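Engineer: Can you read through this structure? Questions will come right after.
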Amino acid sequence: MRTVLTIIKKEFYRFFKDERLWLTAIVLPGVLIFAVYSLMGGIIDSVQQQEEDYFPTAIVVNMPTSLSPAFSQAFKLSDGDVDGGKQLVKERKIDALIVFPERFDELIAQYSPASGQPAPNVEIYYDSSEEHSQIAFYKAESMLSAFEDAASNMFDVNRPAAEAVYDFADSQSSSRMILSMIVPMILLMLLFSGCMAVAPESIAGEKERGTIATLLVTPVKRGYVAVGKIAALSVMALLSGLSSCIGMMLALPRLAGSGSGLTISMLTVGDYAALLGVVLSTVLVLIALIAIISAYAKSVKEASGLVVPVMLITMLCGVFSMFVTGVANIGLFFIPIFNSALIISSIISGTMTGGALAVAICANIAFSAALVFVLARMFKSERIMFNR
Amino acid sequence: MEEYLKEEYLKVENLTKTFRLSRKQRKTEGGLIVKTAVDDLSFTAYKGEIFGLLGPNGAGKTTTLRILATLIKPDNGDAFIGGSSAVHDEYAVRSKIGFLTSDLKLEDFFTPDYLFDYFSELYSVPAETAAKRKAEMFSRFGIDKFASVKVANLSTGMRQKVSLVISLVNDPDFIIFDEPTNGLDVLTAKTVTDFILELKARGKTVILSTHIFSLIEKLCDRVGIIIDGRLAALDTLENITAGKSLEERFFDIYSQFKGGEAL
Ligand SMILES: Nc1ncnc2c1ncn2[C@@H]1O[C@H](COP(=O)(O)OP(=O)(O)O)[C@@H](O)[C@H]1O
Ligand SMILES: [Mg+2]
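Sequence order for the protein chains is X and E.
1 is the number of the first residue of the first sequence in the working numbering; add one for each residue after it.
1001 is the number of the first residue of the second sequence in the working numbering; add one for each residue after it.
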């Protein structure tokens, strides 16, 4: 037992005394994810802002008096006829040409759908390959639709009013729904890369450099070596995953925009405890899997290649968890990693049950224990540890 | 008269070890699928002596020593070290041996100081004993000045001395040296050979492998000549040489063993 602690201590010493290691494995992922997501959020924001601020140019033919004030406010209008206007739009000199039928106001006042006649038609000429023209089109189209609604209003649906509440879901529900689908996948990938940052180096690396043999001539039980390595590496991988998560959480409000109601306070303390539990058990499984592959590999490079299938499976677990809706069959929670994706998803959507959580964590721990046993057997195998 | 005082410490009985060769290895070994590295090897080393395994490259010396150190298992036979079986009682064997070979490396990142403490703990050496031993050994080999320099930044000679000291943290009764002077500069080599004699003087049993005749002549009480994994001769150094030089005798034995074929 004391030797397990000795091994853990040594792994920690190796890791935390080497700033190159912990900077790349712990600090960098968080900072990088925060920076990338914030940048993405910033770009999306500024694009939206540009669209809102843009004041498109247009030629309106036969401008009806009823719409004239609204259009002159929304567009920078200039004079012109239909043919000249089309030419200018093609040449991208103006953003849109809007052609009303003559005497538009009178026409719509007289028009009755019951007559069977085609309704009056407004034509908007634009160039969808040009961003400003596109904005002009949407602007004109939405103004005209609003006008049509007002002109022929027979009934309203959910008329906006100060005291009216139509949607009983709390304001966060919809963002929680979306998050519950994408977060498991992102989180699993972050945890996986955290494990990859520490495990191959510590096992395949030691094998490659011939330092693990030095450990194996000592009278330390192979099982202790396996347990010590896995425990130490799991803590490091967890820290790496945690750093990524913090980076993501801090950047999320910026990414989703301030109106989305996405905040860290969305989840309760209990939710976070459950999350921590399931993440920890997942890290154990991933570390043990990668450790076994690393012990089999002859070098760190070979280990990174061999680990690709495990990465794909982890990713697929995240993807498939999106398709499990409602209350999942309890049997699914016995499948390592996939159960983690399901639990993470249910924590965020607020549908997690204690039973499922317990099954998932126990299944993951049992699976890791089996893997530790396999790893210890591998440390005993001369074919694996001393092959040429 | 002397024979009565001899106490068997290492007993090697019918050791056999084969390796399945990988596709790549088969090409260099002329299509051989299974290579017999050690072939029915038996010998005994007595307590307090230095036993030498002499043989050309590929004779099976390293393989034999690795079996003694319990790193690999023989296909057949067994070796008993101080009464413990290297096959069945590997933990007992590991705790009473020291194994020095260039295959066992120290991690570059750590200091000699840290490594000594680390391995002492792995061997469950009590803290005070370890501290005393460390002070003694570090000053004996001039490591004390470099005790907190990372292994990566040590000279090759100093690194070799650190490896030697680390392989002896448990103050073993039986020490295995695989090609102890290979790759060492003359000064470090002398430090190592002097120390091997010192170990003998302290009553330790030593087995070493080498292909260097002078090393055997200088150090060993008894010598086993190993060719193609088999024991070609085994006796005290005087009896083997019988007045000739070891080198001359070795080539006699070699050609005799190979069926009279000339070298
Ligand atoms: N792990 C291994 N796989 C395949 N062949 C091996 C292995 N280890 C040793 N051998 C072969 O066994 C023979 C004896 O090797 P070794 O014990 O290293 O000889 P020595 O130390 O006397 O030079 C050599 O032919 C070597 O190629
Ligand atoms: Mg050798």
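We treat Cβ as the ideally placed atom computed from N, Cα and C, and that holds for glycine.
All values derive from a computational prediction rather than experimental measurement.
1) Quick check on Y1046(E): does DSSP put it in helix, strand or coil?
2) State the DSSP-derived secondary structure class of R1020(E), mapped to helix, strand or coil.
3) Using a Cβ-Cβ cutoff of less than 6 Å, which residues in the same chain neighbour M1001(E) once the five nearest sequence positions on both sides are dropped?
4) Find the nearest neighbour of S1148(E) within the set F1119(E), D1103(E), L1115(E), judged by alpha-carbon distance.
5) Looking only at DSSP bridge pairs, what is T1205(E) linked to?
6) Listing by chain order, which chain X residues have their CB less than 7 Å from the CB of R1094(E)?
7) Would you mind listing the alpha helix (DSSP H) stretches within the region 180-238 of chain X that are 4+ residues and don't spill past its ends, in chain order?
8) Would you say T1016(E) and P1074(E) are within 8 Å of each other, going by their C-beta atoms?
9) Run through the region 117-165 of chain X for me and flag every whole alpha helix (DSSP H) of 4 or more residues, listed as ranges in chain order.
10) Quick one: does the C-beta of L1021(E) sit closer than 7 Å to a heavy atom of ligand 1?
11) Hey, does A1069(E) have any beta-carbon neighbour from chain X nearer than 8 Å?
12) Run down chain X in chain order and give the residues with a C-beta less than 7 Å from the C-beta of Y1091(E).
13) Apart from the five residues on each side of it in sequence, which residues of its chain come closer than 6 Å, Cβ to Cβ, to F104(X)?
14) Please classify T268(X): is it buried, with 16 or more other beta-carbons within 10 angstroms of its beta-carbon, or exposed?
15) For chain A, find out if any of its Cβ atoms is closer than 8 Å to the Cβ of I1072(E); answer yes or no.
16) Drop a sphere of 10 angstroms on the beta-carbon of I330(X), count the other beta-carbons inside from all chains shown, and report buried for 16 or more, exposed for fewer.
17) Quick one: which chain X residues come within Cβ less than 7 Å of L1106(E)?
18) May I ask which residues mark the beginning and end of the alpha helix (DSSP H) holding L1032(E)?
19) Taking a cut of 7 Å between CB atoms, which residues from the region 362-384 of chain X lie near chain E?
20) Label N153(X) either buried or exposed according to how many other C-beta atoms from any shown protein chain fall within 10 Å of its C-beta, with 16 as the threshold for buried.
21) Give the range of the alpha helix (DSSP H) segment to which D1252(E) is assigned.
22) Give the residues from the region 1113-1129 of chain E that approach chain X closer than 8 Å (Cβ to any Cβ), ordered along the chain.
23) If we count the other Cβ atoms within 10 Å of its Cβ and call it buried at 16 or more, is Y1123(E) buried or exposed?
24) With 16 as the cutoff for other CB atoms within 10 Å, does F55(X) come out buried or exposed?
25) Nearer than 7 Å: is that true of the beta carbon of D1039(E) relative to any heavy atom of ligand 2?
26) Roughly how many angstroms lie between the CA atoms of Q117(X) and L312(X), to the nearest whole one?
27) Measuring straight from C-alpha to C-alpha, what distance separates T1111(E) and L1032(E)?
28) Who does D45(X) pair with in a DSSP beta bridge?
29) Does chain E have any CB closer than 8 Å to the CB of R254(X)?
30) For A232(X), tell me which candidate among D45(X), Y13(X), M1(X) has the shortest Cα-Cα distance.
31) Could you tell me if the beta carbon of K1134(E) falls within a distance shorter than 7 Å of some heavy atom in ligand 2?
32) Beta carbons nearer than 8 Å to chain X: which residues of the region 1019-1044 of chain E have them?
33) What ranges does the beta strand (DSSP E) occupy inside the region 1097-1183 of chain E, keeping only unbroken runs of at least 3 residues that lie completely in it?
34) Could you list which residues in chain X have their beta carbon closer than 8 Å to that of F1174(E), in chain order?
35) For the beta strand (DSSP E) holding T65(X), just list the boundary residues, first then last.
36) Nearest chain E C-beta to F338(X) closer than 8 Å, yes or no?
Structural biologist: Looking at the atomic coordinates:
1) strand
2) strand
3) Caution is warranted here: a pLDDT of 43 is assigned to M1001(E), below 50, making its placement in the model unreliable, and the coordinate value is therefore given only provisionally. Excluding residues within five positions, none has a Cβ falling inside 6 Å.
4) L1115(E)
5) F1174(E)
6) V217, T218, P219
7) 211-216
8) yes
9) 131-151
10) yes
11) yes
12) P219
13) P64
14) exposed
15) Checking the listed chains, one finds no chain A in this structure; the protein chains it contains are X and E.
16) exposed
17) T211, T214
18) Premise fails: L1032(E) is in no alpha helix (DSSP H) and is neither H nor E.
19) E382
20) exposed
21) 1246-1257
22) Y1114, Y1118, F1119, E1121, L1122, Y1123, S1124
23) buried
24) exposed
25) no
26) 60 Å
27) 44 Å
28) Answer is none; D45(X) lacks a bridge partner.
29) no
30) Y13(X)
31) no
32) S1022, Q1025
33) 1097-1100, 1174-1178
34) Result: empty, since nearest Cβ-Cβ is about 13 Å, beyond 8 Å.
35) Note, T65(X): premise wrong, no beta strand (DSSP E); not H, not E.
36) no
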